[in-house]
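**Q**
Residue numbers (the working numbering): 7 to 308.
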């Protein structure tokens with residue numbers, strides 16, 4: 007693919023995030039993006055939308071989209087119909103992008119047959135606290151290492167905090183599965199490669215309370231349990247599963263440890279990750295309660 011100007015559609019989805027949406031928007035419009043782009047910012051609530059509209063008045067690229075408030079995937083299906091770009095990039099209103107993240111993400115699309123590219127989440131949390139350490143371990147020793155290895159095979163699950171894909175391949179997504187998980191599978195089944203841009207960094211604040219941490223991780227894990235409804239997971243093995251965590255994650259987690267305190271925290275994490283999978287099994291297999299597309303606020307991440 008020859009180097010050329012590419013028109014981009016960048017989308018921020020937000021829900022009750024008036025404190026963070028401004029920083030999310032500025033982290034994009036302050037970048038020296040090489041290509042022409044539009045920035046669609048969606049939110050259902052007045053507090054957040056009022057701030058978005060202020061940026062819309064000052065910047066031609068920024069456009070407010072009225073989210074009906076029925077969930078993220080529901081909103082995305084509506085937004086897909088409005089996008090004008092050749093490449094669509096998605097991020098959230100409670101995170102912010104690193105310098106040059108958009109250019110780094112788009113650079114990967116220059117490779118042959120690449121249909122989807124994931125960015126790299128970086129925790130904003132301190133490694134000196136237990137939950138902060140857990141965030142760094144799961145993001146760096148876990149997700150980053152796994153995506154880096156999987157990219158060599160042409161397939162990986164993306165991060166919903168920052169990822170992008172080509173237009174015209176997937177224009178509608180199911181409402182009962184995580185969008186950052188199902189979209190790579192749908193592209194892969196059509197012959198496209200999924201790639202990773204480790205220098206396309208997005209900074210994420212994680213839960214500060216154990217209750218919020220369990221709530222977030224339980225919901226995230228459950229969002230991946232309905233994949234088999236839409237893709238052949240026997241042909242393309244799932245990346246996120248209990249057995250994959252045990253088989254591939256345990257050694258990487260222990261290797262990440264720097265001292266005795268972190269070793270203790272790591273064993274605690276093993277126990278709480280097991281608890282999450284037990285809760286997910288209980289929700290999906292016993293209660294038959296599946297993931298549903300609705301906005302759910304994790305207070306301590308805001």
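Ideal Cβ positions, reconstructed from N, Cα and C, are used throughout, including at glycine.
Need the endpoints of the beta strand (DSSP E) that residue 128 sits in, please.
**A** 120-129
**Q** Three-state secondary structure (DSSP) at residue 19?
**A** strand
**Q** Tell me where the beta strand (DSSP E) around residue 283 begins and ends.
**A** Not the beta strand (DSSP E): residue 283 falls in the alpha helix (DSSP H), residues 266-287.
**Q** What whole-angstrom Cβ distance do residue 131 and residue 212 have, given they're in contact under 8 Å?
**A** Residue 212 and residue 131 do touch by the CB rule: their CB atoms are close to 5 Å apart, below 8 Å.
**Q** For residue 170, tell me which candidate among 128, 203, 241 has the shortest Cα-Cα distance.
**A** Looking at the Cα atoms, 203 is the closest of the given residues.
**Q** So, is residue 292 buried or exposed, given that buried needs 16 or more other C-beta atoms within 10 angstroms?
**A** Looking at its Cβ environment, which holds fewer than 16 other Cβ atoms inside 10 Å, residue 292 is exposed.
**Q** Taking the beta carbon of residue 116 as the centre, do at least 16 other beta carbons fall within 10 Å, making it buried, or is it exposed?
**A** exposed
**Q** If we count the other Cβ atoms within 10 Å of its Cβ and call it buried at 16 or more, is residue 8 buried or exposed?
**A** Reliability of the predicted coordinates at residue 8 is poor, the pLDDT of 47 falling under 50, and no value is obtained from them.
**Q** Could you check the C-alpha separation between residue 48 and residue 70 for me, to the nearest Å?
**A** Straight-line spacing of the CA atoms in residue 48 and residue 70 works out to 6 Å.
**Q** Rounded to whole angstroms, what's the CA-CA distance from residue 56 to residue 214? Just pull it up for me.
**A** 27 Å
**Q** Can you say whether residue 273 is buried or exposed, counting buried as having 16 or more other CB atoms within 10 angstroms of its CB?
**A** exposed
**Q** My output table needs one value for residue 190: the three-state DSSP class, helix, strand or coil.
**A** helix
**Q** Could you tell me which residues DSSP puts in a beta bridge with residue 93?
**A** 14, 172
**Q** Take the Cβ of residue 112 as the centre, count every other Cβ of all protein chains shown within 10 Å, and call the residue buried at 16 or more, exposed below.
**A** buried
**Q** If residue 179 and residue 108 are in contact, beta carbons under 8 Å, what's the gap, nearest whole angstrom?
**A** With 8 Å as the limit, residue 179 and residue 108 do not qualify as a contact, their Cβ atoms being about 22 Å apart.
**Q** Could you pull the DSSP bridge partners for residue 44 from this structure?
**A** Checking the DSSP bridge columns, you'll see residue 44 partnered with 15.
**Q** Please return the same chain residues whose Cβ sits closer than 7 Å to the Cβ of residue 23, not counting the five positions on each side in sequence.
**A** 54, 99, 100, 308
**Q** Residue 187 and residue 151: beta carbons closer than 7 Å?
**A** no
**Q** Any idea if residue 129 is buried or exposed, counting beta-carbon neighbours within 10 angstroms, 16 or more meaning buried?
**A** By the 10 Å Cβ count, residue 129 comes out buried.
**Q** Comparing alpha-carbon positions, which option in 277, 269, 280 lies nearest residue 309?
**A** Given that the chain is displayed from residue 7 to residue 308, the structure contains no residue 309 and the question cannot be resolved.
**Q** For residue 74, count the other beta carbons within 10 Å of its own beta carbon; 16 or more makes it buried, fewer makes it exposed. Which is it?
**A** exposed
**Q** If you measure between the beta carbons of residue 232 and residue 176, is that distance less than 7 Å?
**A** no
**Q** Cutting at 7 Å between CB atoms, please list the residues of its own chain near residue 67, excluding the five before and the five after it.
**A** 35, 43, 44, 45
**Q** Helix, strand or coil, according to DSSP, for residue 115 in the structure here?
**A** Residue state, collapsed to three classes: helix.
**Q** Give the single residue among 119, 139, 65, 254 whose Cα lies nearest to the Cα of residue 265.
**A** Measuring from the Cα of residue 265, the nearest candidate turns out to be 139.
**Q** Measuring only the C-alpha atoms, how far is residue 260 from residue 192?
**A** 34 Å
**Q** For residue 224 versus residue 285, is the C-beta distance shorter than 7 Å?
**A** Going by C-beta atoms, residue 224 is nearer than 7 Å to residue 285.
**Q** Is the beta carbon of residue 181 sitting closer than 7 Å to the one on residue 79?
**A** Yes; because the gap between Cβ atoms is below 7 Å, this pair is in contact.
**Q** Please return the same chain residues whose Cβ sits closer than 6 Å to the Cβ of residue 61, not counting the five positions on each side in sequence.
**A** The answer, listed in chain order, is 31, 68.
**Q** Around the C-beta of residue 288, are 16 or more other C-beta atoms found within 10 angstroms, so that it is buried, or is it exposed?
**A** exposed
**Q** Are residue 82 and residue 125 close, meaning C-beta to C-beta below 7 Å?
**A** no
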